[in-house]
Amino acid sequence: EPEVTQTPSHQVTQMGQEVILRCVPISNHLYFYWYRQILGQKVEFLVSFYNNEISEKSEIFDDQFSVERPDGSNFTLKIRSTKLEDSAMYFCASSEMSANQPQHFGDGTRLSIL
Amino acid sequence: KNEVEQSPQNLTAQEGEFITINCSYSVGISALHWLQQHPGGGIVSLFMLSSGKKKHGRLIATINIQEKHSSLHITASHPRDSAVYICAVSPWGSNTDKLIFGTGTRLQVFP
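Each protein sequence line maps, in turn, to chains A and B. Each residue of the first sequence is one higher than the one before, starting from 606 at the first, in our numbering. Each residue of the second sequence is one higher than the one before, starting from 93 at the first, in our numbering.
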């Protein structure tokens, strides 16, 4: 069964450094999402992406965050200058179409900011 | 106030027991999702429903749109069912199907 893959599984970065989290969505899916889960808390929506542009973003997704689909297969989340509070598990998801379709999640990237 | 509330937060059961996890939400939705999160962190979609009832193996999900309430039932529970079960909703008015998540119910099934 096709799956969403995320790399790396664990990223350790110094505060203030840039980090790029990578995702390969399922190939025929059109909608892509990033979510994050701070340890012990619920999963939170960050951003959705369709047709090569951001469709919707949350208050969390400020100017330090950006997303890109650089080559038609990868979907990346960049954090420009990481803060301690960015430490979390980041999940990528994709869905075939927007309306009433299940989202398929990757296994997540655990980001630790030192 | 959380838009999606789950109960209970924690649940322990003996193998074979019937389990119910409840979810209430306060926003208009286009769909409700039940997801499973394993200890390693990965999230798997179990059900997406907008009305009625769905069944997959030993899992049953129901939704009452008027009461803004959904339940996930597990029949004949097994230790491998131990995981966090998360209710999430796709709110009306979203440009895309972003999900709003509940805090999850941690289930432990003992042999």
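Each residue gets a CB set at the ideal place from its N, CA and C atoms; glycine is no exception. Remember, predicted model here, so these are calculated numbers, not experimental data.
Distance between residue j and residue i (C-alpha atoms, nearest Å)
| i | j | result |
| --- | --- | --- |
| Ser169 (chain B) | Arg641 (chain A) | 30 Å |
| Phe666 (chain A) | Ser122 (chain B) | 24 Å |
| Gly621 (chain A) | Ser686 (chain A) | 4 Å |
| Phe650 (chain A) | Ile192 (chain B) | 7 Å |
| Thr197 (chain B) | Ser660 (chain A) | 30 Å |
| Pro171 (chain B) | Glu107 (chain B) | 6 Å |
| Phe670 (chain A) | Lys683 (chain A) | 6 Å |
| Glu95 (chain B) | Gly194 (chain B) | 8 Å |
| Pro613 (chain A) | Gly711 (chain A) | 11 Å |
| Ser653 (chain A) | Trp184 (chain B) | 15 Å |
| Asn656 (chain A) | Val609 (chain A) | 18 Å |
Opposing strand residues paired with residue i [DSSP bridges]
| i | result |
| --- | --- |
| Trp126 (chain B) | B:Phe139, B:Cys179 |
| Asn102 (chain B) | B:Arg198 |
| Val96 (chain B) | B:Tyr117 |
| Ala153 (chain B) | B:Lys146, B:Leu164 |
| Trp639 (chain A) | A:Val652, A:Cys697 |
Spatially closest choice to residue i from the options, by CA coordinates
| i | options | result |
| --- | --- | --- |
| Ser163 (chain B) | B:Gln129, B:Glu109, B:Asn114 | B:Asn114 |
| Ser186 (chain B) | A:Ala698, A:Asn705, A:Thr610 | A:Asn705 |
| Gly645 (chain A) | B:Gly120, B:Leu141, B:Gln101, B:Asp173 | B:Gln101 |
| Asn633 (chain A) | A:Ile718, A:Phe710, A:Met702 | A:Met702 |
| Pro630 (chain A) | A:Asp676, A:Glu664, A:Glu623 | A:Asp676 |
| Cys628 (chain A) | A:Glu606, A:Lys688, A:Gln619, A:His709 | A:His709 |
| Thr188 (chain B) | A:Leu626, A:Ser663, A:Thr618 | A:Ser663 |
| Arg150 (chain B) | B:Ile111, B:Pro131, B:Ala180, B:Leu103 | B:Ile111 |
| Met140 (chain B) | B:Thr154, B:Ile166, B:Tyr117 | B:Thr154 |
Chain A contact residues for residue i, given Cβ-Cβ distances below 8 Å
| i | result |
| --- | --- |
| Ile125 (chain B) | In the sequence as presented, Ile is not what sits at residue 125 (chain B); that position holds His. Going along chain A in sequence order, the residues near His125 (chain B) (Cβ under 8 Å) are Pro707, Gln708. |
| Ile192 (chain B) | Phe650 |
| Ser142 (chain B) | Asn705 |
Under 7 Å from the C-beta of residue i: neighbouring residues of chain A
| i | result |
| --- | --- |
| Ile113 (chain B) | Neighbours of Ile113 (chain B) on chain A: none; closest Cβ ~15 Å, over 7 Å. |
| Thr195 (chain B) | Lys647 |
Proximal residues of chain B, C-beta to C-beta of residue i below 7 Å
| i | result |
| --- | --- |
| Phe666 (chain A) | None at all; the shortest Cβ gap to chain B is about 11 Å. |
| Ser692 (chain A) | Simply none; closest approach about 14 Å. |
Contact set between residue i and chain B, taken where Cβ atoms lie within less than 9 Å
| i | result |
| --- | --- |
| Asp712 (chain A) | Gly132, Gly133, Gly134, Ile135 |
| Ser603 (chain A) | Any property of residue 603 (chain A) remains undetermined from this structure, which presents chain A solely from 606 to 719. |
| Ser653 (chain A) | Ser186, Asn187, Thr188, Asp189, Lys190 |
Near the ligand SAH: residue i beta-carbon under 7 Å from a heavy atom
| i | result |
| --- | --- |
| Gln619 (chain A) | Inclusion of the ligand SAH in the displayed structure is not the case, the ligand content being empty and no account of it being possible. |
Residue i at chain C interface by Cβ criterion, 8 Å
| i | result |
| --- | --- |
| Ser671 (chain A) | The displayed structure is made up of protein chains A and B, and chain C is not among them. |
Range of the contiguous beta strand (DSSP E) that encloses residue i
| i | result |
| --- | --- |
| His615 (chain A) | 615-618 |
| Leu716 (chain A) | 714-718 |
| Val629 (chain A) | 624-629 |
Under 8 Å from the C-beta of residue i: neighbouring residues of chain B
| i | result |
| --- | --- |
| Tyr695 (chain A) | Correct list: empty, because the minimum Cβ distance to chain B is about 10 Å. |
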